[in-house]
Amino acid sequence: QQQVRQSPQSLTVWEGETAILNCSYENSAFDYFPWYQQFPGEGPALLIAIRSVSDKKEDGGFTIFFNKREKNLSLHIKDSQPGDSATYFCAASEAMGYKLTFGTGTSLLVDP
Amino acid sequence: DMKVTQMPRYLIKRMGENVLLECGQDMSHETMYWYRQDPGLGLQLIYISYDVDSNSEGDIPKGYRVSRKKREHFSLILDSAKTNQTSVYFCASSLYGNYEQYFGPGTRLTVL
């Protein structure tokens, strides 16, 4: 079964809007939650990550909101630009674990 | 310049042929990974290598084997390829104790 779920599958926003991408998980042992950004024809690249001891992480225009009790998190992309159009993967790992479990991704399109 | 390289980038094989996918990294990372990416399924871990000749199965190892004889090089081998192994294959690496994985550009394999 899918241990990390993402929604929506695809999302279109206007330039300047905030895009919100959702992720939920089942394994209570998951401790580290990275978001990867992937452009067509390229490999994924780490965008931002959060540990379960935190409830918020900001980096530039990207913010992760984390709710440990509800086992969900969201990635907010503030002031979205066409260059942010990509597929975003939520992933999770147990503490000190090397194995990342990936969600199925959200394809984001930012319309100019 | 931190980099993960993959060769070839595109490959077409016939069912039953052997396939060799190569991955290299110049960061002296101990840990390396092979994933496959299929539409709607995200990234699935095939094998993980903790160092030279120290390899472990991932979530979907059936039909694949790996070889790591040098720290900077990790190979994925398909003996007698099947049509359902048509996919995009990604190699990644990470430093021991560090969660961040660096991905290569991928190899698109088509098995006819």
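From first to last, the protein sequence lines stand for chains L and H. Each residue of the first sequence is one higher than the one before, counting from 1 in this note's numbering. Each residue of the second sequence is one higher than the one before, counting from 1001 in this note's numbering. Glycine included, C-beta positions come from ideal geometry on N, C-alpha and C.
Worksheet item: By DSSP, does H/ASN1018 sit in helix, in strand, or in coil?
Response: Numbered from 1 along the second sequence, position 18 holds the residue referred to as residue 1018 of chain H. In the structure shown, H/ASN1018 sits in coil (DSSP, three-state: anything other than H, G, I, E or B).
Worksheet item: Fully enclosed by the region 1031–1089 of chain H, which beta strand (DSSP E) runs are 3 residues long or longer?
Response: 1031–1038, 1042–1051, 1054–1057, 1065–1070 and 1073–1078
Fill in: Contact between the region 1089–1106 of chain H and the region 1026–1034 of chain H (3+ Cβ pairs under 8 Å)
yes
Worksheet item: Quick one: which chain H residues come within Cβ less than 8 Å of L/LYS57?
Response: The count along the first sequence starts at 1 and reaches residue 57 of chain L at position 57. Ordered by position in chain H, no residue passes the 8 Å Cβ test against L/LYS57, which lies about 14 Å from the chain.
Discussion item. Looking at H/GLY1024: is its Cβ nearer than 7 Å to the Cβ of H/GLU1100?
Written reply: On the second sequence, residue 1024 of chain H is found 24 positions in, with the first residue counted as 1. On the second sequence, residue 1100 of chain H is found 100 positions in, with the first residue counted as 1. Going by C-beta atoms, H/GLY1024 is not nearer than 7 Å to H/GLU1100.
Item to complete: Could you check what DSSP says for L/PRO34 in three-state terms: helix, strand or coil?
Response: Here residue 34 of chain L corresponds to residue number 34 of the first sequence, with the count starting at 1. Residue state, collapsed to three classes: strand.
Practice prompt. Determine which residues of the region 12–45 of chain L have a Cβ less than 9 Å from any Cβ of chain H, and write them out in chain order.
Written response: TYR32, PRO34, TYR36, GLN38, GLY41, GLU42, GLY43, PRO44 and ALA45
Discussion item. Checking the sheet assignment: what are the DSSP bridge partners for L/ASN22?
Written reply: As a working note, residue 22 of chain L is residue 22 in the first sequence. Its beta-bridge partners are L/SER7 and L/SER74.
Worksheet item: Quick one: which chain H residues come within Cβ less than 8 Å of L/LYS153?
Response: Nothing can be reported for residue 153 of chain L, as the shown portion of chain L is limited to 1 through 112.
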